[in-house]
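Asker: Dropping a structure here in structure tokens format, bear with me for questions.
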Amino acid sequence: MTNANLARDLEQILIQIQKASLPIYETLKQSLGEYTQNTNATGDTQLKADVAADEILQTTFKDLKIIKQICSEEQEHAIPLHKEGIYSIAYDPLDGSSLMGANLSVGSIFGIYQGDFLPHNLVASAYVVYGMVIGIGFASLLQEGVDYFVHNGKEFQLQKTLKLSHKGKLNATGGTQKNWSKFHKSKIESLFNAGYRLRYSGGMVPDLHHILVKGGGIFSYPSTSDAPQGKLRMLFEVFPFAFIFERAGGNAVCIQENPTQGEIEAKRLLELIPKHLHDTTPCFFGSQEEIKFVSES
Ligand code: AHM
Ligand code: MG
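Residue numbers for the sequence shown follow the numbering used here, so the first one is 62 and each next one is one higher.
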């Protein structure tokens, strides 16, 4: 496929994401964070807003013939759309939705694949932040950096292209702290001792967007004793943001420890192969310097 054809297709997909973000934002404004009686494929109790956002995205993507299939964090299986389509889109319709009751920002995340849901097939990724305004970050193979669009009340306007410096100042880390490994504790403590500041809202989209906007830092969701494979899902959360951080000039790795030998292994997230659609992985996203630091024993 030529770059011009890819650019044309990605523009159509971005337009659908922009379109869907408007009714999702309206749904959020009318919602109080009420739960349904149902659980999703990972066992989380769904909010009414999770289900509504998922339905809006399904309907919006159905309109586009170039999309072969979609898969959502809220659905157990992938959903075929158009036989002649060439793109597969994996998405988290409403990430961090449990924060809604506290009136904190939430988001949507999208991985856009040419072919099947394998990280080397990613051609673009996007996220939507529903905050004071709707913001959309979009990265593709066709350009360096992450284009950040903001809705001005009428239309989306490109605000800036986000790029990471070699090193930043923010440190965002998740999971239950008493379940962190000694290795993770010591790395996080060293970062704070070196002057990093904690910034963690509990919403992956606003937390990672914050790092991108400030030009650097690190976000981690490590392996913990209660969740050795972490919490965040490869297809719906981790791969899209790994792609975005790499395009922004940073790095994204999985860190696994070998407790008997006291060694750690850092692997590029986009080289992991999921066995199931809902597989999770420990994950670290950041500027070059912070990722180098946490990747060393
Ligand atoms: P969700 O998709 O069920 O909302 O969960 C994902 C969220 C991420 O946004 C966030 O980084 C993480 O879960 C927070 O988890 P924790 O509260 O364990 O730190
Ligand atoms: Mg999520």
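Every residue gets a Cβ at the ideal spot worked out from N, C-alpha and C, and that includes glycine. Quick caveat, the model's predicted, so the values are computed rather than measured.
Where DSSP assigns a beta bridge to LYS228, which residues make up the other side?
Answerer: Answer by DSSP bridge pairing: none, since LYS228 is not bridged.
Asker: Which residue's Cα is closest to the Cα of SER82: VAL194, GLY256, CYS344 and CYS315?
Answerer: Nearest of VAL194, GLY256, CYS344 and CYS315 to SER82, Cα basis: VAL194.
Asker: Closest by CA to ALA233, which one among PHE210, VAL266 and SER201?
Answerer: Nearest option by C-alpha distance: VAL266.
Asker: Sorted by chain position, which residues of the same chain lie with C-beta nearer than 6 Å to ASP115's C-beta, five sequence neighbours on each side aside?
Answerer: These residues qualify, in order along the chain: SER133, GLU135 and PRO154.
Asker: So which of TYR282, LEU219, LYS230 and LYS221 has the shortest CA-CA distance to HIS245?
Answerer: Minimum Cα distance to HIS245 is reached at TYR282.
Asker: As an exercise, report each continuous beta strand (DSSP E) stretch of at least 3 residues that is fully enclosed by the segment 73–144, in chain order.
Answerer: 96–100, 106–108 and 128–133, all fully within the segment 73–144.
Asker: Would you kindly work out how many angstroms separate the C-alpha atoms of VAL338 and ILE117, rounded to a whole number?
Answerer: In the sequence as displayed, the identity of residue 338 is Leu instead of Val. Each residue's alpha carbon lies about 21 Å from the other.
Asker: Let me check understanding here. Comparing Cα to Cα, which of LEU225, THR88, LYS248 and LEU165 lies closest to PHE359?
Answerer: With the chain covering 62 to 358 only, the question about residue 359 has no answer from this structure.
Asker: Grab me the residues of GLN175's own chain with a C-beta within less than 7 Å of its C-beta, minus the 5 sequence neighbours each way, in chain order.
Answerer: Counting only Cβ-Cβ distances below 7 Å, and skipping sequence neighbours, we find ILE147, TYR148, ASN182 and VAL184.
Asker: Once the 5 residues before and after GLY311 are set aside, which same chain residues still bring their CB inside 8 Å of it?
Answerer: These residues qualify, in order along the chain: LEU225, GLY277, PHE346, GLY347, SER348, GLN349 and ILE352.
Asker: Spell out a yes or no on whether the segment 298–315 and the segment 211–218 are touching, meaning 3 or more CB-CB pairs, one atom from each, closer than 8 Å.
Answerer: Segments in contact, no.
Asker: What's the C-alpha gap between TYR191 and CYS315?
Answerer: Roughly 28 Å between the two C-alpha positions.
Asker: Between the Cα of GLU332 and those of GLY235, LEU259, PHE304 and TYR96, spot the shortest distance and give me the residue it belongs to.
Answerer: Cα-wise, what sits closest to GLU332 is PHE304.
Asker: Based on DSSP bridge pairs, tell me the residues matched to PHE346.
Answerer: In DSSP, PHE346 forms a bridge with PHE280 and ALA313.
Asker: Alpha carbons only, please: which of PHE280, ILE76, LEU273 and SER158 is nearest the one belonging to TYR261?
Answerer: Minimum Cα distance to TYR261 is reached at PHE280.
Asker: Have a look at LYS328 and GLU87 and give me their C-alpha separation to the nearest angstrom.
Answerer: Their backbone Cα atoms lie some 40 Å apart in a straight line.
Asker: Any heavy atom of the ligand AHM closer than 8 Å to the CB of GLU134?
Answerer: Yes, the beta carbon of GLU134 sits closer than 8 Å to at least one heavy atom of the ligand AHM.
Asker: May I ask which residues mark the beginning and end of the beta strand (DSSP E) holding GLU205?
Answerer: Start and end: 204–212.
Asker: Going residue by residue through the segment 239–294, where are the continuous beta strand (DSSP E) segments of at least 3 residues, counting only ones entirely within it?
Answerer: With a minimum length of 3 residues, the continuous beta strand (DSSP E) runs that stay inside the segment 239–294 are 278–282.
Asker: Run through the DSSP bridge pairs and tell me what GLN218 is partnered with.
Answerer: VAL211, per the DSSP bridge assignment.
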